[in-house]
Each structure stands twice: as C-alpha cells, then as structure tokens.
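Chains as they are written, first to last, in this note's numbering: chain A, 215 to 500; chain B, 126 to 424.
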C-alpha cells in the first residue's frame, strides 16, 4: 500500500488539482491523508468534497508545515510513503510505476526521479531536465544544495521521492520540527545514513513554480538550514581546485570520467524496453 | 505565463480500429485537459470490439466522428484532416496518450511564437502495454540536413539518434496546406515519416523541451511487427531527397567527434555539427515564464 500525505494551508487555488493527481491514479491500494492548518480560503470545502476517498483529514490551526506532516505520517499504515505539497502534482502513472519498482527491487529503500518536471500556475509543464543520479558522499558534500561554489548540480525533487516504511522508521520516523523549511533536505540526510538513493528514469511529479512560493521567498532560510544539516556530517565542501578539476573531467567521454576517488557512483532504475522489465544499472558522475 | 492567451484552435484526429482496450484512455487524454479551443475528430474503421460503445460515450465532446470501413490507419487520419478546421493540427493513434498539459503547451507555443511552423518534443516518452511511462529520452534537437541523411530513422545506428515522435508533433494549417494537405498513403507504414520529409522542405522543426505524448509499446503493433518494412519505407522517402548515408569512415569520425566537449561543438563547421532550434521556457523577472527559441548544436 502507498500512503500519501498532503499538508495544506491556504493554497485553495491549487489544492484540488493536487488532490486529484493523487486520487485519479487509479491505484486501489492507496491511503491518502490531508492535514489542513485551518485554511480560510475555501480549502476545507475542497477537502470535504473528496473526504470519502481520504483515510484521514482535519482542518485546524497547527504548529506549522513540518508538524502537520508528522501528524499526517502518524496516521499512515502503508508500506511506501511520500508527501506532496498542496500546490504540486503527480503525473498520472506515478503510483503504479512506484508500486512496480518497489515490488521488483526489495533492495530499493528509497527512490526519486531522474527527470524532474516544473509546471506553472496553470498546470502547464515548463521544463523537463535529465539529472545525473544521486550519491551519498556527494550529497553530504553539497551536490544537491543550491549554493555558490560550483559543486551543486540538482536538488532532490521532494514530490518525486518515495521511501519504504522500514527506512522511515530506521531513520527516526519523523521530520525534524526544529527546522522551519528544510525538513525534506534534513530527512534525505538521515535516509542517506541508511540507504542509497535510486534514481528512476521516468518523471514522477511536477513542482509548481510560483513567483511567490514559500521556498522562493525563503530560499535563503532554506539554504542556511541545509548548510547546518550538512555541518552535522562534517564532509568537506569541495575546494575551488577540486570543483575546477571536476569541471575539466566533464569534458572527457563518460567512460573516462570514472576517476577513482573523484567519480561518484549512482544507481539508476530504467526500463529495458519491449517485453522486458525494470533494471538497475550503475551510473557515474563527476 | 504572462497575460491571457488567445488560444488557437487545435484539431486532433484519432484513427481507431479495434483498439477498444486503449481507446478510452486515449480519448480521455485528449479531452480531460479541457483545452478551450479544441476540435477533436475520431475516425473509426468499423470496429467490432466495443470501440463504438466507447466513442458513443464521448460523442458529445467530439466535433465529428464516424464509423465505417476504411483503407486503414493513415487513410483514416487523412479523412479526419479533410474535416479539420483548426489552425494547429496533429493526430493521436488510439493506443497512444497525450499528457495532462500537452494541448495548452502546444497552443501557447504557437500563439506566442509566430515564426514556428511545426514542433515536436525533445523528450519522447514510451508507455508500457498498460499505459505506464517506462522510458523517456532527451534528444539534442532536429536539423533538416541531418534528417535527410537519416538522423531520425535507424538506417545507420551510429548516425541515428531518435525518431521524430509522431504523437508529439504538431503543425500549423498553413504548413500542412503548403505541403499539399495530404498524407502519402502509397507508403503503408511510414506515412508520418513521409510527411516530415515534405515539411522539412518548407520549414524548420523546433524541439520543445518538455514531454508532450506517450507512445504505447504493444506486442501487436503495426510498426513493431513490421519494423523492417517501416525502415524500408522510410529509406524510400529519404531517397526521394537524394539520401547520402554516412559511410563507415564518416561514421567513425562522427563517433570520435561526439566525444568532444560540448563547448567545442560550436566551432565545428555546419554539416559536421548541426544547428537546431529548441523551444525552452525562460523565467521572466522571477515571477513568470515565457517560451523562447534557443539555438543549439549537435554532432
């Protein structure tokens, strides 16, 4: 069973589109929980409309975004977990693909997409990008944190990230409410202590770009919180010389980039084609 | 995006014949997006497998539909286009799918970029038999000279990089009319490819940086059962334009050149590297987006 949580607060304009992207997946084994922080923009009416399809929902003032998520996850019982913010959306095939992949690969504890999508305020997809995959050491050194220094490449798209309950519990079974905005990044840091992140080679969800979105206004705060998280792990940020050496290596054909000590291995899940199934292959990036 | 859009009328044709298992999801993928100025035409070849019941259910939302014996898939598409009145055109086979944003992205691109005559996706998506996305690839772009040399059909597997995915391709009526307003149904399999051959004579193909449609890989697919025949048809098309396939030595040079850093590609002469036009979204004052044409190069 897949359990999804949506924290909601005054995003009524997008909430229905988000909820329908969850409920219209046509997955019978789905558990959906919506935690609304006492919205005053009609959001509760939208939630009520779908309440018969929800495992749990409530609308009342709460201690904020991460507390709402923790409350939501405490109500879940599924084997696969994820959350989606009330302004983002899944693509129509997401859950069935996720279910297939977790079923086929017991070793996969968590995964995200290799192809993050971004959409605008009218649900139109604006961009698709091919990322390079993910690696624990690279993550702890700042590969997935947008900041100066030249080592950053891609963020881990939160709405495209799914994990097993066993990983969630091993990592503490909660989001860190001491933070204000970077709860996802801090969770990824704890997940990486336990398991590698696999990258699945199809799009899974769309992040909504809004000029005024929370993460946009608070990008600075988000970055500061992430940096504090990385400091706990104490891996050095690459020096200027290392960053430029890495850039120079990217000129080489992919096979020659696998310089021991510099190249990072990644795990990619992709489909082998007609009459075949999903396979795991190694990837590399510098 | 900035400001309200004057949505151009988009005409979509779905040819249908005994694909009832997939037809509903196809129709829904077109209709559920709610594109404000859609003309949707379904041409069924007298199916006997329940397709008609599906079409009946959606009949109110269709601009036109008919079910009568026809000459096959491409003649049905042609019959549909003969009825179409939209400014923008495309077709979607009854086992394939649009994505929830396809028509609005297409409408907006044609509304805001008047120089663009035809577009396709840089990210062709493949679906499994049960309609799940299983593969997506990024193509570097499209180029006339490269097309006529076999870049978009696997005659030479080192030169080929990817098909122009039919269901992700859309064009203006003016281009369709200048190209003769017809499909060449004497080529039973590669009619789409033949149409691209004529379009390329008239206009550049722009690659859009988002996925637009999914192609369903089926066990019993016309183009998969007779893939060799499709390739033969496609080669016949290219020969009409004086096909000059890359030889072994050129292929080897190309494979070496592909290892060059991206930055070097711009210094190679046109013909060794190819220029391409891409349509990507661009942020405007950190508040909204607009579609922009970007020049690219590939080897």
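For glycine and all other residues, C-beta sits at the position ideal for the given N, C-alpha and C.
Exercise. CB residue 342(A) to CB residue 300(A), shorter than 7 Å?
Worked result: Contact flag unset, no.
For this session: For residue 228(A), count neighbouring C-beta atoms within 10 Å of its own C-beta (all shown protein chains included) and say buried if the count is 16 or more, exposed if not.
Result: Classification for residue 228(A): buried.
Problem set entry | Nearest-angstrom Cα separation, counted from residue 365(A) out to residue 440(A) | C-alpha separation (whole angstroms): 15 Å.
Exercise. Does DSSP put residue 163(B) in a helix, a strand or coil?
Worked result: Of the three classes helix, strand and coil, the one that applies to residue 163(B) here is strand, per DSSP.
Exercise. Hey, would you say residue 145(B) sits closer than 7 Å to residue 176(B), going by beta carbons?
Worked result: At a Cβ-Cβ threshold of 7 Å, residue 145(B) and residue 176(B) count as neighbours.
Exercise. With a Cβ-Cβ cutoff of 7 Å, do residue 415(B) and residue 402(B) count as a contact?
Worked result: Residue 402(B) sits away from residue 415(B), with the two beta carbons spaced by 7 Å or more.
Exercise. Where residue 488(A) and residue 182(B) are concerned, what is the direct C-alpha to C-alpha distance, given to the nearest angstrom?
Worked result: Whole-angstrom Cα-Cα distance: 32 Å.
Problem set entry | Coil, strand or helix - residue 434(B) by DSSP | Summary: the structure shown does not reach residue 434(B), with chain B confined to residues 126 through 424, and so no result is reported for it.
Exercise. Taking all protein chains shown into account, do 16 or more other C-beta atoms lie within 10 angstroms of the C-beta of residue 127(B), making it buried, or fewer, making it exposed?
Worked result: Below a pLDDT of 50, predicted positions are generally treated as unreliable, and residue 127(B), at 49, falls in that range; the measurement from the model is reported next regardless. It counts as exposed.
Problem set entry | Backbone secondary structure at residue 250(A) - three-state DSSP | Residue state, collapsed to three classes: strand.
Exercise. Are the C-beta atoms of residue 130(B) and some chain A residue less than 7 Å apart?
Worked result: Chain A, which has no Cβ nearer than 7 Å to the Cβ of residue 130(B), makes this no.
Exercise. Do you know whose CA, among 311(A), 286(A) and 480(A), lies nearest residue 492(A)'s CA?
Worked result: The shortest Cα separation from residue 492(A) among 311(A), 286(A) and 480(A) belongs to 311(A).
Problem set entry | residue 135(B) and residue 213(B) closer than 7 Å at C-beta | Yes.
Problem set entry | Contact set between residue 329(A) and chain B, taken where Cβ atoms lie within less than 7 Å | Those within 7 Å of residue 329(A) in chain B are 261.
For this session: Could you give the DSSP three-state label for residue 257(A): helix, strand or coil?
Result: Looking at residue 257(A) - three-state DSSP - the assignment turns out to be helix.
Exercise. Would residue 261(A) pass as a contact of residue 347(A) if the rule is Cβ separation under 7 Å?
Worked result: In this structure, residue 347(A) does not lie closer than 7 Å to residue 261(A) by Cβ.
Problem set entry | Per-residue burial, residue 141(B) [other beta carbons within 10 Å of its own, 16 or more giving buried] | Looking at its Cβ environment, which holds 16 or more other Cβ atoms inside 10 Å, residue 141(B) is buried.
For this session: Kindly say whether residue 333(B), judged by its beta-carbon, lies nearer than 7 Å to any beta-carbon of chain A.
Result: No, residue 333(B) lies away from the interface with chain A (no Cβ there is under 7 Å from its Cβ).
Problem set entry | Segments of 3+ residues assigned as beta strand (DSSP E) that fall wholly inside the segment 423-499 of chain A | DSSP runs (the beta strand (DSSP E)) wholly in the segment 423-499 of chain A: 478-485 and 492-499.
Exercise. Would residue 156(A) count as contacting chain B if we go by Cβ distances under 7 Å?
Worked result: A question about residue 156(A) goes unanswered here, because the residues of chain A that appear run from 215 up to 500.
Problem set entry | Close beta carbons around residue 243(A), own chain, < 6 Å, minus the five adjacent residues each side | Around residue 243(A): 215.
Problem set entry | Nearest residue (CA-CA) to residue 466(A), options 369(B), 199(B) and 389(B) | It is 389(B).
Exercise. So what's residue 315(A) in DSSP terms, helix, strand or just coil?
Worked result: Annotated three-state conformation of residue 315(A) is helix, per DSSP.
For this session: Kindly provide the ranges of any beta strand (DSSP E) runs that are 3 or more residues long and lie completely inside the segment 318-396 of chain A, ordered along the chain.
Result: Taken in chain order, the complete beta strand (DSSP E) segments of 3 residues or longer contained in the segment 318-396 of chain A are 324-327, 331-333, 339-342 and 376-378.
Exercise. Any residues in the segment 201-233 of chain B with a beta carbon nearer than 8 Å to a beta carbon of chain A? Which ones, in chain order?
Worked result: Hits within the stretch, in order: 224, 225, 226, 229, 230 and 233.
Exercise. Of all the residues that make up the segment 242-272 of chain A, which are near chain B by a beta-carbon distance shorter than 7 Å?
Worked result: Taking a C-beta cut-off of 7 Å against chain B, none of the residues of the segment 242-272 of chain A qualify.
Problem set entry | Buried/exposed call for residue 353(B), threshold 16 Cβ in 10 Å | When all chains shown are included, residue 353(B) counts as exposed.
Exercise. In chain B, what lies closer than 8 Å to residue 310(A) by C-beta?
Worked result: One finds 255 and 257 in chain B with Cβ atoms closer than 8 Å to the Cβ of residue 310(A), taken in chain order.
Exercise. What does residue 414(B) touch in chain A if you count any residue whose Cβ is under 8 Å from its own?
Worked result: Here the neighbours are 334, 340 and 423.
Exercise. Thinking just about the alpha-carbon of each residue, which of 276(B), 315(B) and 163(B) is nearest to the one in residue 284(B)?
Worked result: The shortest C-alpha separation from residue 284(B) is found at 276(B).
For this session: Check whether the Cβ atoms of residue 252(A) and residue 221(A) sit closer than 7 Å, and answer yes or no.
Result: No.
Exercise. From what residue to what residue does the alpha helix (DSSP H) around residue 235(A) run?
Worked result: Counted as a single uninterrupted DSSP element, the alpha helix (DSSP H) harbouring residue 235(A) occupies residues 226-237.
For this session: Just list the beta strand (DSSP E) runs in the segment 240-295 of chain B, keeping only unbroken ones of 3 residues or longer that don't cross its boundaries, in chain order.
Result: DSSP runs (the beta strand (DSSP E)) wholly in the segment 240-295 of chain B: 243-246, 250-252 and 258-261.
Exercise. In the DSSP assignment, what residue or residues form a beta bridge with residue 407(B)?
Worked result: Residue pairing of residue 407(B) in beta bridges, as defined by DSSP: 415(B).
Problem set entry | Interface residues of chain D facing residue 415(A) [CB-CB closer than 8 Å] | Here the protein chains are A and B, and chain D is not one of them.
Exercise. Using DSSP with H/G/I as helix, E/B as strand and the rest coil, what is residue 331(B)?
Worked result: Secondary structure of residue 331(B) (DSSP, three-state): strand.
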